[in-house]
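*Asks:* Got a structure for you, written out below as structure tokens; questions coming shortly.
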Amino acid sequence: MGKFQRTKGLNWERKTANILQDASGVKAIRLLEFQQGFGIDIKTELPLAVQCKCGKSTVKAFDGYLEAVRSARGSTPGVIPTCFFKWSWQGKDPHQKRGEYVVLSVEDFMEIFMSYLNNK
């Protein structure tokens, strides 16, 4: 991985931590995952195991989700494995847009969505 790719990844991790912190008011910090051995990119008190990925391939998004699943195993019950993915590829199809996405399981999505509906 080149310096540009590392820098792009680090910047996306910082932005993701800021997104989570600004939205929730709960501290979220970027970890040096291999130095600290947590297996996640963002440490927060929110019930999330967060991996951050950016690139042109959506396969990276699913790989990031699987990394989050592995790091969530054995953690506190209720922790949601999540991948924040920044897609930098722009295809010819207007529906294929660059952007920032979150990948999580249907089961976790439905739990969040039902909680939202019940509190509405």
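Numbering of the sequence shown is given in my numbering, commencing with residue 16 and proceeding in unit increments.
Glycine residues also receive a C-beta, built at the ideal position from the N, C-alpha and C atoms.
#1: Given that a residue counts as buried once 16 or more other Cβ atoms are within 10 Å of its Cβ, and exposed if not, what is residue 127?
#2: Quick check on residue 121: buried or exposed, where buried means 16 or more other Cβ atoms within 10 Å of its Cβ?
#3: Please report how far the alpha carbon of residue 132 lies from the alpha carbon of residue 125, in whole angstroms.
#4: Can you tell me which residues form a DSSP beta bridge with residue 114?
#5: For residue 41 and residue 31, what's the separation of their Cα atoms in angstroms?
#6: Residue 77 to residue 88, Cα distance in whole Å?
#7: Using DSSP's beta-bridge definition, name the partner residues of residue 151.
#8: Would the beta-carbon of residue 27 fall within 8 Å of that of residue 73?
#9: Can you tell me where the beta strand (DSSP E) holding residue 45 begins and where it ends?
#10: What does residue 59 pair with, by DSSP beta-bridge criteria?
#11: Where does residue 38 land, buried or exposed, given buried means 16+ other C-beta within 10 angstroms?
*Replies:* Taking the structure as given:
#1: Taking the sequence shown and counting its residues from 1, one reaches residue 127 at position 112. The residue is exposed, with fewer than 16 neighbouring Cβ atoms inside 10 Å.
#2: By one-based count along the sequence shown, residue 121 stands at place 106. When all chains shown are included, residue 121 counts as exposed.
#3: Locating residue 132 in the sequence shown gives position 117, where the first residue counts as 1. Locating residue 125 in the sequence shown gives position 110, where the first residue counts as 1. Whole-angstrom Cα-Cα distance: 10 Å.
#4: As a first step, residue 114 is located in the sequence shown; it is residue number 99 there, counting from the start. Beta-bridge partners assigned by DSSP to residue 114: 102.
#5: Here residue 41 refers to the residue found at position 26 when the sequence shown is read from its first residue. Here residue 31 refers to the residue found at position 16 when the sequence shown is read from its first residue. If you take the alpha carbons of residue 41 and residue 31, they lie about 13 Å apart.
#6: Walking along the sequence shown from the start, residue 77 turns up at place 62. Walking along the sequence shown from the start, residue 88 turns up at place 73. Looking at the two C-alpha atoms, the distance is approximately 17 Å.
#7: Nothing about residue 151 can be reported from this structure: the residues present for the chain run from 16 to 135 only.
#8: For this step, residue 27 is matched to residue 12 along the sequence shown. For this step, residue 73 is matched to residue 58 along the sequence shown. It is not a contact, given that the beta carbons lie outside the stated cut-off.
#9: Sequence index remark: in the sequence shown, residue 45 carries index 30 (1-based). Segment 43 to 45, the beta strand (DSSP E) holding residue 45.
#10: Along the sequence shown, one-based indexing puts residue 59 at 44. Paired residue(s): 43.
#11: As a first step, residue 38 is located in the sequence shown; it is residue number 23 there, counting from the start. Answer is exposed; the Cβ neighbour count stays below 16.
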